[in-house]
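Quick note: to get my numbering, add 1328 to the position in the sequence shown (first position is 1).
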Amino acid sequence: MALLRGVVRLEFEPFLSVCFNALRSSFMMYRQLTSAKRSSLRNVVLATTSLSIWVMASSVALAGAPATGSLPGNFTTNVAGTTYTGTGSTATIAIGGTTAPTMPSVIQFGGTALGNSVTSVDTNSTTGAALAAASNPGFSIGSGATLNITNGAATEPTLVNDESGNPSQIYGALNASALGGPLFVANANGVVVGASGTITAPSTGVGLLGYAADSGSFATVGTLTVNSTTVNGGDVTVTAGSTVSGGTLLM
């Protein structure tokens, strides 16, 4: 009987060890996931058709959602001729207007103003009144609203740099399929794609970054330089049920 107990003990102890190690690994993984300051989704290669992203991470999602039907407010840019026009809750930012840009483009909310100020215009207004829906202080799109970004199919990259002090929240539709180059959205306070949000990315891809970017460097050479003081910046959250289609999504 003593021998039998010894055999059972010798066979059972390795089993306990395996269980303990597995439990410890699971706990460590849980800690890494819950303490991560970055997105839980890093690189996702998207099909050309809609792909639902079933991911929920970070506390940024707790910020109040933008008002239904609301659009980003006024901004500055390095590209002359850029227009921002719309009707109701649908608007288009045409980088360079009718002339395709020949340089990397920056759409800047807050921070140091770039050379050209762009104010929204209601195309239904006979007086050139501002588009009422364009009321968000930064780059945020409310549920039911649609924002198109175009650049005449120029292959130059585009940076949306949000330094408004608010997270960039996409609860409506962001359509950037007409861009000929990649699109980047940078915000040290975080980027959220809400459950009702949709992003139609350029074929060259879209990047969502929880850091402050150097607008000057990007506008000059097209290099995306992260502000070193924001390396522990905001989270990037893609909420369950949101939809992204187009090229590669980098987070």
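Even for Gly, the Cβ is constructed at its ideal location relative to N, Cα and C.
Only a predicted model underlies this, so the values are computations on that prediction, with no experimental measurement involved.
DSSP three-state assignment for Ala1460, whether helix, strand or coil: coil
Span separating the alpha-carbon of Gly1425 from that of Ala1457: 19 angstroms
Determine the DSSP secondary structure at Thr1548, reduced to helix, strand or coil. helix
Do the segment 1525 to 1540 and the segment 1407 to 1419 meet, that is, are 3 or more Cβ pairs less than 8 angstroms apart? no
Mind listing, in chain order, the continuous beta strand (DSSP E) runs of no fewer than 3 residues lying wholly within the segment 1405 to 1471? 1411 to 1415, 1418 to 1422, 1433 to 1438, 1444 to 1446, 1462 to 1464
Which residues bound the beta strand (DSSP E) around Ser1570? 1570 to 1573
To the nearest angstrom, report how far apart Val1513 and Gly1443 are at their CA atoms. 20 angstroms
Can you find a heavy atom of the ligand SAM that lies under 7 angstroms from the Cβ of Pro1429? For the structure depicted, the ligand SAM is absent and the ligand set is empty, with no information on it obtainable.
In this structure, how does DSSP classify Ser1543 when only helix, strand and coil are distinguished? helix
Would you check if the distance between the CB atom of Thr1483 and the CB atom of Ile1423 is smaller than 8 angstroms? no
Considering Ser1492, what are the terminal residues of the beta strand (DSSP E) in which it resides? Premise fails: Ser1492 is in no beta strand (DSSP E) and is neither H nor E.
Cβ shell of Asn1517 (< 7 angstroms), same chain only, five flanking positions each side left out: Gly1493, Asn1494, Pro1495, Gly1562
Between Val1434 and the rest of its own chain, which residues show a CB-CB distance below 7 angstroms, the 5 nearest in sequence each way excluded? Thr1405, Asn1406, Leu1442, Leu1487, Asn1489, Ser1543, Phe1546, Ala1547
Give me the Cα-Cα distance between Ser1573 and Leu1511, rounded to the nearest whole angstrom. 13 angstroms
Short of 8 angstroms in beta carbon distance, which residues of its chain neighbour Thr1427, apart from the five on each side in sequence? Order them along the chain. Gly1409, Gly1480
For Ala1473, name the three-state secondary structure that DSSP assigns. coil
Per DSSP, what kind of secondary structure is Gly1500 in: helix, strand or coil? coil
Closest Cα partner of Gly1466 within the set Thr1396, Thr1567, Met1579, Pro1400: Pro1400
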